[in-house]
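A.B. asks: Got a structure for you, written out below as structure tokens; questions coming shortly.
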Amino acid sequence: MSPRSRQWLAPALVVVGAALVCAGSAWGLFKAPPEVFMGEVQRIMYVHVPTAWNAMLALSFAFGCALAFLLTGDWKWDNRLEAALEMGVVLSLLLCMQGAIWAKPTWGVWWDWDPRLTTTAVRVLAVGAIPALRAFGEVPGRRAVWSAVACVIAFADVPIVYFSVKWWNSLHQAQSTPETVSSAFHWPLRINAFGILFLWTGLVALRARLSALRLREETAPPPPAEAAAATPAQGAW
Amino acid sequence: MSGVIQGGEEFVIAAYAVTAAVLSAYAASIYFRLRAEKRRASREEGR
Amino acid sequence: MSGLVIALRKDLLLQWRGRLQIVAVFAFGAAALLLFSFAVGPDSLALRQHAAGFLWLALLLASTLSLAESFEHELEDRAIEGLLLLPAGPRALYYGKAIANWTQLALLGVALVPVMVVLYDAGTTRLLPLLGIILLGTAGLSAPGTLYAAMTAQARARQALLPLLLFPLVVPVLLAAVKATSLVILGDPMGQLRPWTTLLGLFCVVHVSLCGLLFGRVVEDG
Numbered sequence: 004m005s006p007r008s009r010q011w012l013a014p015a016l017v018v019v020g021a022a023l024v025c026a027g028s029a030w031g032l033f034k035a036p037p038e039v040f041m042g043e044v045q046r047i048m049y050v051h052v053p054t055a056w057n058a059m060l061a062l063s064f065a066f067g068c069a070l071a072f073l074l075t076g077d078w079k080w081d082n083r084l085e086a087a088l089e090m091g092v093v094l095s096l097l098l099c100m101q102g103a104i105w106a107k108p109t110w111g112v113w114w115d116w117d118p119r120l121t122t123t124a125v126r127v128l129a130v131g132a133i134p135a136l137r138a139f140g141e142v143p144g145r146r147a148v149w150s151a152v153a154c155v156i157a158f159a160d161v162p163i164v165y166f167s168v169k170w171w172n173s174l175h176q177a178q179s180t181p182e183t184v185s186s187a188f189h190w191p192l193r194i195n196a197f198g199i200l201f202l203w204t205g206l207v208a209l210r211a212r213l214s215a216l217r218l219r220e221e222t223a224p225p226p227p228a229e230a231a232a233a234t235p236a237q238g239a240w
Numbered sequence: 003m004s005g006v007i008q009g010g011e012e013f014v015i016a017a018y019a020v021t022a023a024v025l026s027a028y029a030a031s032i033y034f035r036l037r038a039e040k041r042r043a044s045r046e047e048g049r
Numbered sequence: 101m102s103g104l105v106i107a108l109r110k111d112l113l114l115q116w117r118g119r120l121q122i123v124a125v126f127a128f129g130a131a132a133l134l135l136f137s138f139a140v141g142p143d144s145l146a147l148r149q150h151a152a153g154f155l156w157l158a159l160l161l162a163s164t165l166s167l168a169e170s171f172e173h174e175l176e177d178r179a180i181e182g183l184l185l186l187p188a189g190p191r192a193l194y195y196g197k198a199i200a201n202w203t204q205l206a207l208l209g210v211a212l213v214p215v216m217v218v219l220y221d222a223g224t225t226r227l228l229p230l231l232g233i234i235l236l237g238t239a240g241l242s243a244p245g246t247l248y249a250a251m252t253a254q255a256r257a258r259q260a261l262l263p264l265l266l267f268p269l270v271v272p273v274l275l276a277a278v279k280a281t282s283l284v285i286l287g288d289p290m291g292q293l294r295p296w297t298t299l300l301g302l303f304c305v306v307h308v309s310l311c312g313l314l315f316g317r318v319v320e321d322g
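Protein chains in written order, with my numbering: chain A, 4 to 240; chain B, 3 to 49; chain C, 101 to 322.
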């Protein structure tokens with residue numbers, strides 16, 4: 004648990020992040036001029052690109068936590084892993100939704116098997132399965148190791164998935180999602196990027212606290228009245 | 003791709019709305035879950 | 101090395117003893133191939149075009165059955181703990197089990213090829229490349245599959261959990277194996293087979309080493 008003095012940091016990050024996202028989005032929606040070829044639809048990039056960066060960051064952080072837990076066995080990394088996984092799934096799902104909303108007016112279809120978005124969809128499934136795995140793990144130690152191992156393997160798989168989808172699709176698709184934004188429009192992008200960064204960092208910290216509280220409850224010794232009657236817990240294997 | 007994409011404003015609004023909705027809903031869910039867990043934890047300690 | 105041989109012997113023996121179950125899994129795969137054709141309709145041209153996809157989908161679905169059962173014996177009387185006490189080490193345990201699973205899946209794949217040929221008119225004379233693809237693809241399924249089978253073996257909802265974890269991971273195997281098999285069956289005028297088999301090989305190398313490394317952590321106590 005973070006010390007009393009730093010309890011305010013996470014909520015502050017969330018508030019500041021939210022404010023930045025509002026500001027950046029307002030700028031992108033109202034102040035920035037429409038782009039030459041893509042017209043109004045380009046504005047979606049001001050949230051889509053920052054979401055993409057941050058989804059990648061959040062899942063990379065999850066991978067870091069998984070490694071850290073496997074190497075140190077310190078429970079705070081498992082708490083953070085649980086939080087980061089949830090955040091990563093939320094951001095990746097959001098990314099897929101934004102991508103579909105962007106694709107419809109641009110290509111006429113909701114989904115065009117773009118390698119980046121398809122890899123994101125696969126990542127959502129791969130990473131989203133880990134909380135399901137956790138739900139069935141009764142022994143905290145084993146559950147934590149399994150989540151970390153599954154996270155490491157999922158992360159190692161991502162580049163392979165990306166390249167295979169890219170080759171698979173290259174015969175059918177000449178275009179890819181253009182993420183180039185001309186320099187005049189950088190500000191909304193940067194503001195949103197930092198906004199979402201602060202937002203997810205704060206949310207992960209708060210979510211990790213939730214995990215820590217739940218873990219404490221799970222591993223707490225039973226109250227004295229029940230301890231006398233209780234039998235020692237059996238291992239799951 | 004030649005020509006300018008006409009219109010599409012409703013998609014832009016949709017994208018921003020979805021983003022706002024998902025992020026606020028998730029933030030709210032963390033807030034409520036954390037509050038419930040803290041209450042339960044302080045009740046346990048009170049016992 | 102001798103630990104690996106012993107583990108492999110044990111697992112192959114277990115599979116031989118349970119060969120009736122393998123027949124059942126084959127029947128499942130063949131039924132799946134039939135059902136896919138119902139889903140697409142009797143258009144033989146379309147069926148032939150997509151035969152490779154159907155074969156690998158059927159193999160993937162069947163693999164969830166055979167993989168899920170692969171640690172069944174180790175669960176009885178907590179035999180896994182006894183096995184871990186042996187000097188062979190968890191890595192030998194993993195590779196023995198993974199190779200045995202690979203053998204079973206490869207046999208399954210080979211057995212399903214005639215079914216595919218008959219149902220979809222998808223024959224080919226290039227049998228050796230086809231065998232190679234089946235070997236590579238099933239190795240790619242078996243490597244992470246064995247690891248996740250060990251994880252989910254004791255979970256209450258293991259039937260649903262194993263595919264949930266495994267399927268997203270083996271997307272590259274599915275894409276590459278289907279593409280490669282398609283090229284073998286339908287013809288490969290531009291010589292595109294190499295990149296796909298290389299991708300399969302790369303996937304296998306990465307996962308065989310990574311999963312072997314991590315297996316010990318998965319089965320250790322607490």
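Glycine included, each C-beta is placed from N, C-alpha and C at the ideal position.
I need the straight-line Cα distance from B/A16 to A/W170, nearest angstrom please.
C.D. replies: 31 angstroms
A.B. asks: Does any residue of chain A have a CB that is nearer than 7 angstroms to the CB of B/G10?
C.D. replies: True, the Cβ-Cβ gap to chain A drops below 7 angstroms.
A.B. asks: Does the segment 137–154 of chain C come within contact of the segment 217–227 of chain C, defined as at least 3 CB pairs closer than 8 angstroms?
C.D. replies: yes
A.B. asks: Contact criterion: CB-CB distance below 7 angstroms. Does A/Q10 meet it with respect to chain B?
C.D. replies: no
A.B. asks: Between which two residues does the alpha helix (DSSP H) holding C/I234 run?
C.D. replies: 227–252
A.B. asks: Kindly indicate if chain B contains any beta-carbon less than 7 angstroms away from that of A/V18.
C.D. replies: no
A.B. asks: Counting only Cβ pairs nearer than 8 angstroms, list the residues of chain B close to A/A105.
C.D. replies: Note on residue identity: the sequence assigns Trp, not Ala, to residue 105 of chain A. Result: F13, A17.
A.B. asks: So which residues on chain B does A/V44 lean against when the C-beta distance must stay under 8 angstroms?
C.D. replies: I7, G10, F13, V14
A.B. asks: Is there a C-beta anywhere in chain A that falls below 7 angstroms from the one on C/P190?
C.D. replies: Chain A, which has no Cβ nearer than 7 angstroms to the Cβ of C/P190, makes this no.
A.B. asks: Do A/F139 and C/R109 have their CB atoms nearer than 7 angstroms?
C.D. replies: Result no, Cβ atoms of A/F139 and C/R109 do not sit closer than 7 angstroms.
A.B. asks: Residues in the segment 201–225 of chain A with C-beta within 8 angstroms of chain B's C-beta atoms, listed in sequence order?
C.D. replies: L202, L206, L209, R210, R212, L213, L216, R217, R219, E220, A223
A.B. asks: Quick one: Cα of A/T123 to Cα of A/V92, how far?
C.D. replies: 10 angstroms
A.B. asks: Report, in whole angstroms, the separation of the C-beta atoms of A/F129 and A/A157, which I expect to be a contact under 8 angstroms.
C.D. replies: Residue identity check: residue 129 of chain A is Ala in the sequence provided, not Phe. At roughly 4 angstroms, the Cβ-Cβ gap stays under 8 angstroms, so A/A129 and A/A157 are in contact.
A.B. asks: I'd like to know if B/R45 contacts chain A, where contact means its C-beta is closer than 7 angstroms to some C-beta of that chain.
C.D. replies: no
A.B. asks: Would you mind giving the Cβ-Cβ distance between C/G189 and C/G103, rounded to the nearest angstrom? I have them listed as a contact below 8 angstroms.
C.D. replies: 6 angstroms
A.B. asks: Could you name the residues of chain B that A/V50 contacts, counting a contact when the two beta carbons are closer than 8 angstroms?
C.D. replies: A17, Y18, T21
A.B. asks: Mind pulling the chain A residues with CB within less than 7 angstroms of B/R35?
C.D. replies: L213
A.B. asks: Using the rule of at least 16 other Cβ atoms within 10 Å of the residue's Cβ for burial, across every protein chain shown, is B/M3 buried or exposed?
C.D. replies: Because the pLDDT of B/M3 is 42, which lies under 50, any placement of that residue in the model is unreliable, and the number read from its coordinates should be weighed accordingly. Answer is exposed; the Cβ neighbour count stays below 16.
A.B. asks: Name the one or two DSSP bridge partners that B/G10 has.
C.D. replies: Per DSSP, B/G10 has no beta bridge partner at all.
A.B. asks: At the level of alpha carbons, what is the spacing between A/S179 and A/A153?
C.D. replies: Bear in mind that the predicted position of A/S179 carries a pLDDT of just 48, short of 50, making it unreliable; the figure below should be weighed with that in mind. Each residue's Cα considered, the two are about 30 angstroms apart.
A.B. asks: What are the residues of the segment 198–213 of chain C that lie near chain A, defined by any Cβ-Cβ distance shorter than 9 angstroms?
C.D. replies: none
A.B. asks: From C/L235, C/F138, C/G316, C/A250, pick the residue whose C-alpha is nearest to that of C/A277; which is it?
C.D. replies: C/L235
A.B. asks: Would you mind reading off the limits of the alpha helix (DSSP H) that contains A/R146?
C.D. replies: 143–173 is the span of the alpha helix (DSSP H), which, as asked, contains A/R146.
A.B. asks: Pull out every residue of the segment 239–260 of chain C whose Cβ sits closer than 7 angstroms to any Cβ of chain A, in chain order.
C.D. replies: Cβ contacts with chain A come from P244, M251, Q254, A255, R256, A257.
A.B. asks: Just to confirm, are C/L247 and C/C311 a CB contact at a threshold of 7 angstroms?
C.D. replies: yes
A.B. asks: What distance in whole Å lies between the Cβ atoms of C/L205 and C/S166, which are believed to be in contact at a cut-off of 8 angstroms?
C.D. replies: 7 angstroms
A.B. asks: Using Cβ-Cβ distances below 8 angstroms, what residues of the segment 259–289 of chain C are close to chain A?
C.D. replies: L261, L264, L265, F267, P268, L269, V271, P272, L275, A276, K279
A.B. asks: Distance cutoff 7 angstroms, beta carbons only. Does A/S95 sit that close to anything in chain B?
C.D. replies: no
A.B. asks: For the candidate residues A/A26, A/K34, A/W11, A/R119, whose alpha-carbon lies nearest to that of A/A55?
C.D. replies: A/R119
A.B. asks: Can you confirm whether the segment 282–298 of chain C touches the segment 166–183 of chain C when touching is taken to mean that 3 or more C-beta pairs between the two stretches lie within less than 8 angstroms?
C.D. replies: The answer is no - the segment 282–298 of chain C does not touch the segment 166–183 of chain C, with fewer than three Cβ pairs under 8 angstroms.
A.B. asks: By Cβ distance, which residues of its chain are closer than 7 angstroms to A/F72, with the 5 residues on each side in sequence left out?
C.D. replies: W80, D81, L84, A147, A151
A.B. asks: Starting from the beta carbon of B/A29, find every residue of chain A whose beta carbon is closer than 8 angstroms, and list them in chain order.
C.D. replies: V17, A21, L202, L206
A.B. asks: Rounded to the nearest angstrom, how far is the Cβ of A/V24 from that of A/P108, given a contact under 8 angstroms?
C.D. replies: Rounded, the Cβ-Cβ distance is 23 angstroms, inconsistent with contact.
A.B. asks: Show which residues of chain A have a CB atom less than 8 angstroms away from the CB atom of C/V318.
C.D. replies: V148, W149, V152
A.B. asks: Whose Cβ in chain C lies nearer than 7 angstroms to the Cβ of A/A157?
C.D. replies: Listed along chain C are L269, each with a C-beta nearer than 7 angstroms to that of A/A157.
A.B. asks: Per DSSP, what kind of secondary structure is A/Q10 in: helix, strand or coil?
C.D. replies: Here A/Q10 sits in coil by DSSP.
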